[in-house]
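Shown next, in C-alpha cells, is the structure this report addresses.
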Amino acid sequence: MPDTVKTASKDSTPADFLISPYGGVLTGLLVDSERNSELKAQSTTWPNWVLTPRQLCDFELLATGAFSPLSGFMSRADHESVCAQLRLSDGTLWPIPITLDVTPEFAGALQSGQRIGLRDPEGRLLAALTVGDVWQPDKNHEATSVFGTTDTLHPGVSALFNAHPFYVGGSIEALELPSHYDFSALRRTPSALRHEFAARGWNKVVAFQTRNPMHRAHVELTRRAVEETGAKLLIQPVVGMTKPGDVDHFTRVRCYQVALNTYPADTAMLSLLPLAMRMGGPREVLLHAIIRRNYGCTHLIVGRDHAGPGANSRGEPFYGPYDSQKMLNQHQAEIGVTMVPSREMVYVADESRYMPEDRVPNDARVLRVSGSELRRRLATGEEIPEWFSFPEVVRELRRTHPSRQQQGFTIFFTGLSGSGKSTIANVLLVRLLERGDRKVTLLDGDLVRRHLSSELGFSREHRDLNIERIGFVASEITRCGGIALCAAIAPYDGARRKVRSMIEPAGGYVLVHVSTPLALCEQRDTKGLYAKARSGQLAQFTGISDPYEAPADADLVIDTSGIDPVDASGRILSLLAERGYLPDLPHRETTIVAN
Numbered sequence: 000m001p002d003t004v005k006t007a008s009k010d011s012t013p014a015d016f017l018i019s020p021y022g023g024v025l026t027g028l029l030v031d032s033e034r035n036s037e038l039k040a041q042s043t044t045w046p047n048w049v050l051t052p053r054q055l056c057d058f059e060l061l062a063t064g065a066f067s068p069l070s071g072f073m074s075r076a077d078h079e080s081v082c083a084q085l086r087l088s089d090g091t092l093w094p095i096p097i098t099l100d101v102t103p104e105f106a107g108a109l110q111s112g113q114r115i116g117l118r119d120p121e122g123r124l125l126a127a128l129t130v131g132d133v134w135q136p137d138k139n140h141e142a143t144s145v146f147g148t149t150d151t152l153h154p155g156v157s158a159l160f161n162a163h164p165f166y167v168g169g170s171i172e173a174l175e176l177p178s179h180y181d182f183s184a185l186r187r188t189p190s191a192l193r194h195e196f197a198a199r200g201w202n203k204v205v206a207f208q209t210r211n212p213m214h215r216a217h218v219e220l221t222r223r224a225v226e227e228t229g230a231k232l233l234i235q236p237v238v239g240m241t242k243p244g245d246v247d248h249f250t251r252v253r254c255y256q257v258a259l260n261t262y263p264a265d266t267a268m269l270s271l272l273p274l275a276m277r278m279g280g281p282r283e284v285l286l287h288a289i290i291r292r293n294y295g296c297t298h299l300i301v302g303r304d305h306a307g308p309g310a311n312s313r314g315e316p317f318y319g320p321y322d323s324q325k326m327l328n329q330h331q332a333e334i335g336v337t338m339v340p341s342r343e344m345v346y347v348a349d350e351s352r353y354m355p356e357d358r359v360p361n362d363a364r365v366l367r368v369s370g371s372e373l374r375r376r377l378a379t380g381e382e383i384p385e386w387f388s389f390p391e392v393v394r395e396l397r398r399t400h401p402s403r404q405q406q407g408f409t410i411f412f413t414g415l416s417g418s419g420k421s422t423i424a425n426v427l428l429v430r431l432l433e434r435g436d437r438k439v440t441l442l443d444g445d446l447v448r449r450h451l452s453s454e455l456g457f458s459r460e461h462r463d464l465n466i467e468r469i470g471f472v473a474s475e476i477t478r479c480g481g482i483a484l485c486a487a488i489a490p491y492d493g494a495r496r497k498v499r500s501m502i503e504p505a506g507g508y509v510l511v512h513v514s515t516p517l518a519l520c521e522q523r524d525t526k527g528l529y530a531k532a533r534s535g536q537l538a539q540f541t542g543i544s545d546p547y548e549a550p551a552d553a554d555l556v557i558d559t560s561g562i563d564p565v566d567a568s569g570r571i572l573s574l575l576a577e578r579g580y581l582p583d584l585p586h587r588e589t590t591i592v593a594n
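The sequence shown begins at 0 in numbering that gives the first Met the number 0 and counts up by one.
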C-alpha cells in the first residue's frame, strides 16, 4: 500500500520510527531507557497534570503511534486548521482535534518551553510534555466545525463542553504506557500488530471496528468482507470510551472471543483498541481509517451510520446513514486504506440463513431483532432466538445484564422541604424490606448531610456536590443489585440529570417528584425552617430565597396534599412492578399459633 504518512524529521531518533510495508512510517513517542531515567530525574521540579480517562486514551494512542503522525497534543495552529479544513497546519489530513484540556488555574501557571509531567490517577509519571502554547478555544465554534452541532445530546459535543476550558499544546516524550490488567494479551500496539501480520504472512487485512457485542449477522458480514477482498480479518473493538449506555467492554470482549472461534483457522484475529470515541460520524470514520493504517490494515469495514451519535432533541439523526461512507470514499486513496461498505444483513427464515438486505426475494419471510428489542428481551428475561446470536454470547450478556427482576435500582425523591419525601421513602423502605426481594438502603438528605457532606454549605455548587455524592453511593448500591432510596431536596435540574446518567448504566432509575405545594409545606414546617427563612434568619433556603427547578423528566409525580404516605408508596410499588423490577407476590396472611 502507498506510504502516505509524513516521514521522520531529521531530529527524530531511529527508535521513534518503524518503517514497514504495513502502513508506512509509524511515529512512536516512547523514549529509550537512558532518556527515561534522565526525564524522571528532572521531573521532581515539574508541575504535574493528572490525565482524565479520555486523555489517557488519547495519550496511549499517541505514545504507541496509533495517532501517527501526531507527536503530541495539538498546537493552536493545528487545532484551528483541523477544525476548519480537516488538515493539520502542514496540510496532512487529520479530522478530529486531539487536545489536552486543563483548568484555568493550571493553564495560568504555564510558559512556553516549560515541561510538565503527565501522570495517571495513581500518580505514575507517564510522559513529559514540552509546552508549545496555551489558549482558550471557542468551543461553540469547535463543536459546530467538528460535529456540525452544539446540541449536547450529541455525545461528542457533551464531552467537549464538559471538558476543561483551556488547551495545552506540546510535544510528548512518553516514559511508559497506561497500565491495563484486563485482557493484556489482546492489547497489541501498532508495532506489535504489524510484526504479527508479517509473521503470519498477512499482507492484506480488513479491519472490523465495533462497540457492540457480535452476533451471527456481524460474523456473516465480516466473512463476506473477507471473501470480497481476499483479506484476513482483524476484529478490533473499542475498549476505551464509547457511547454512554453501551455494553461494558469486559462483557463485549468475552463475546468477541466466542465469535472468534467461529472463523476458520488463521483467518481472523482479535485485538483491542483503547480509543476514546467522539461519535463524530463522517469525521470520525477518517480517524478510524488512519488508525487502521497505523495498525497495518489495508481495508476498513464501514457500515450504515458509522460512529453515529444518535438523534437530537427532535428525534432526528445528526448525520445521514451513509455520510461516513461518502466521507471515507473521498479520502481513502490519500489515507491508504480501502473502504469496504457493509450491507445490512437479515435472517431469511425460508432459507435459514443470513443474506444482504438488498438481495432478499420480495416474498421472503425476514426476521430481525433490533438493538432495542434485544435490550428489552434481556430486561424481561424473554428468549433470544438462536438464529440471532450464539448461545454462549447470550449467556455472557445475561450474566452482566440480568433481567429487571434481578437488577438493582434507585428511587430518587425530589421536592421542597416538608413535601413528604422522607415519610414516603421510609414507608417504601419498610414495604420493600417486607417483600425481601433485595437489600434496601435509605439515603436520607439530612443523614447524608450529617455523615457524608458535613463540610458543605448551601451554595449552588455545594448543593450539586452533595447530590452527586448521593448519586455516586446510589449507583454503587444499584450496580451491586441492591435498592437505593434517595430523599433529598435536589433543587437543580442539572444535578438530578447527572445523577440519572450515573445510575442508569448500573440498573433501574425512577425519579419521583413530590410536588406538594409550598403553602402546605410551609404549614407543616415541623422544623421551623420556613419561619426562619421568612424572617431572614436562614439564607439560601429552597422555595423562599433559593429556587426550586421542578423536574420535567419525573417518572412519577405525587402531591401529598391529596394522598397519604401508604398510598403514595403503593403507587411507586405499582410502577416498579409495571416496569418489571418487582415480581408479583401472592398476598401473605400471617397466622399466630399460641402453644
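Ideal Cβ positions, reconstructed from N, Cα and C, are used throughout, including at glycine.
* Run the CB neighbour count on F196, radius 10 Å, all protein chains shown included, and call it buried at 16 or more, exposed below. => Using a 10 angstroms sphere on the CB of F196, the tally of other CB atoms reaches 16 or more, which defines it as buried.
Q: Can you grab the Cα-Cα spacing for the pair S88 / E141, in whole Å?
A: Per the coordinates, the alpha-carbon of S88 lies some 16 Å from the alpha-carbon of E141.
- Cβ-Cβ separation, T515 to L432 (assumed contact under 8 Å), whole Å: Actually they are not in contact, since the Cβ atoms of L432 and T515 sit about 25 Å apart, beyond 8 Å.
R375 to Q404, Cα distance in whole Å? Going from the Cα of R375 to the Cα of Q404 covers about 13 Å.
Just to confirm before moving on: does the CB-CB distance between T409 and G507 stay below 8 Å?
Contact flag set, yes.
Margin query: Am I right that S544 and A553 are in contact with their C-beta atoms under 8 Å? What's the rounded C-beta distance?
Written below: Contact between S544 and A553 does not hold, since their C-beta atoms are separated by about 24 Å, which reaches or exceeds 8 Å.
Out of L555, G23, G579, E372, point me to the one whose CA is closest to R292's CA. Nearest in C-alpha terms to R292, of all of L555, G23, G579, E372, is G23.
Contact under 8 Å by Cβ, A473 with A483: Yes; because the gap between Cβ atoms is below 8 Å, this pair is in contact.
- Using a threshold of 8 Å, state whether the C-beta atoms of P189 and Y166 are closer than that. Remark: C-beta atoms of P189 and Y166 do not approach each other more closely than 8 Å.
Sufficient close CB pairs (3 or more, under 8 Å) joining the segment 117-133 to the segment 176-195
Yes, since at least three Cβ pairs between the segment 117-133 and the segment 176-195 fall closer than 8 Å, the two stretches touch.
**OP:** Could you check the C-alpha separation between D15 and L159 for me, to the nearest Å?
**Re:** For D15, the pLDDT reaches just 34, beneath the cut-off of 50, and the residue's location in the model is therefore unreliable, although a value from the coordinates is still provided. Straight-line measurement puts the Cα of L159 at about 31 Å from the Cα of D15.
Q: Return the chain-ordered ranges of every alpha helix (DSSP H) run that is complete within the segment 15-59 and spans a minimum of 4 residues.
A: Positions of the alpha helix (DSSP H) runs, each at least 4 residues long and wholly inside the segment 15-59, are given as 32-41 in order along the chain.
**Study point:** Outcome for Y580 when other beta-carbon atoms lying within 10 angstroms are tallied against a minimum of 16
**Key:** That one is buried.
| Does the distance from the C-beta atom of T261 to that of L396 stay below 8 Å? | Against a cut-off of 8 Å, the Cβ pair of L396 and T261 comes out as no contact.
Ordered along the chain, which non-local residues of its own chain (more than five positions away) have a Cβ less than 6 Å from that of A593? Bear in mind that a pLDDT of 37 at A593, under 50, signals an unreliable position, so the number given afterwards is only what the model happens to contain. Cβ within range, chain order: n/a, list empty.
Q: Go ahead and label K325 buried or exposed: buried means 16 or more other beta carbons lie within 10 angstroms of its beta carbon, across all protein chains shown.
A: The residue in question, K325, is exposed, as its Cβ has fewer than 16 Cβ neighbours within 10 Å.
For this session: Hey, could you find the ends of the alpha helix (DSSP H) M344 is sitting in?
Result: Following the DSSP letters along the chain, one finds M344 in no alpha helix (DSSP H) but inside the beta strand (DSSP E) bounded by residues 344-347.
Identify whether P490 lies in helix, strand or coil by the three-state DSSP scheme.
The answer is coil: DSSP assigns P490 none of H, G, I, E or B.
Collapsed DSSP secondary structure at C82 in the structure displayed
Residue state, collapsed to three classes: helix.
Can you give, in chain order, each stretch of the beta strand (DSSP E) that sits fully within the segment 158-235 and has at least 3 residues? Those beta strand (DSSP E) runs which fall completely within the segment 158-235 and span 3+ residues are 165-173, 204-207, 231-234.
Determine the contact status of R193 and S270, defining contact as a CB-CB distance below 8 Å. Taking 8 Å as the cut-off, the beta carbon of R193 is found no closer than this to the beta carbon of S270.
Rounded Cβ spacing between P68 and T26 (contact assumed at less than 8 Å): Confirmed, Cβ separation roughly 5 Å.
Between the beta-carbon of P308 and the beta-carbon of H153, is there less than 8 Å? Yes.
Going by beta carbon distance, what residues of the same chain come within less than 7 Å of D357, once the five residues before and after it are set aside? Around D357, the same chain offers R342 as residues with beta carbons nearer than 7 Å, after the five sequence neighbours per side are excluded.
Review point. Exposed or buried, which one is A424 when buried takes at least 16 other CB atoms within 10 Å?
Key: Classification of A424: buried, given that the 10 Å Cβ count is 16 or more.
Extent of the continuous beta strand (DSSP E) run through L428: Per DSSP, L428 belongs to no beta strand (DSSP E); it is in the alpha helix (DSSP H), 420-434.
Handout entry: Beta-carbon proximity check, D247 vs P281, cutoff 8 Å
Key = No, the pair does not count as a contact, with Cβ atoms beyond the cut-off.
Closest by C-alpha distance to E37, when choosing among F58, P52, A173: Per the Cα distances, A173.
Flag this pair as yes or no: are the beta carbons of Q331 and M338 separated by less than 8 Å?
-> Against a cut-off of 8 Å, the Cβ pair of M338 and Q331 comes out as a contact.
Practice problem: Taking C296 and V204 to be in contact with their CB atoms under 8 Å, please state how far apart those CB atoms are, rounded to whole angstroms. | Solution: Right, their Cβ atoms sit about 5 Å apart.
Identify the residues that DSSP records as bridge partners of I115: which are they?
-> Note: I115 sits in a beta bridge opposite L128.
#### Entry: Collapsed DSSP secondary structure at H400 in the structure displayed
Reduced to three states, the DSSP call for H400 is coil.
Quick one: give me the first and last residue of the beta strand (DSSP E) that M326 is part of.
Following the DSSP letters along the chain, one finds M326 in no beta strand (DSSP E) but inside the alpha helix (DSSP H) bounded by residues 322-334.
**Message:** Judging by CA-CA distance, which residue of R462, V130, G370, G107 is the nearest neighbour of G116?
**Reply:** When only C-alpha atoms are compared, the closest one is V130.
Option in L285, A551, D265, D563 with minimal Cα separation from I334 = Distance from the Cα of I334 is smallest, within the candidate group L285, A551, D265, D563, for L285.
For D445, the three-state DSSP class (helix, strand or coil): Under the three-state reduction of DSSP output, D445 falls in the helix class.
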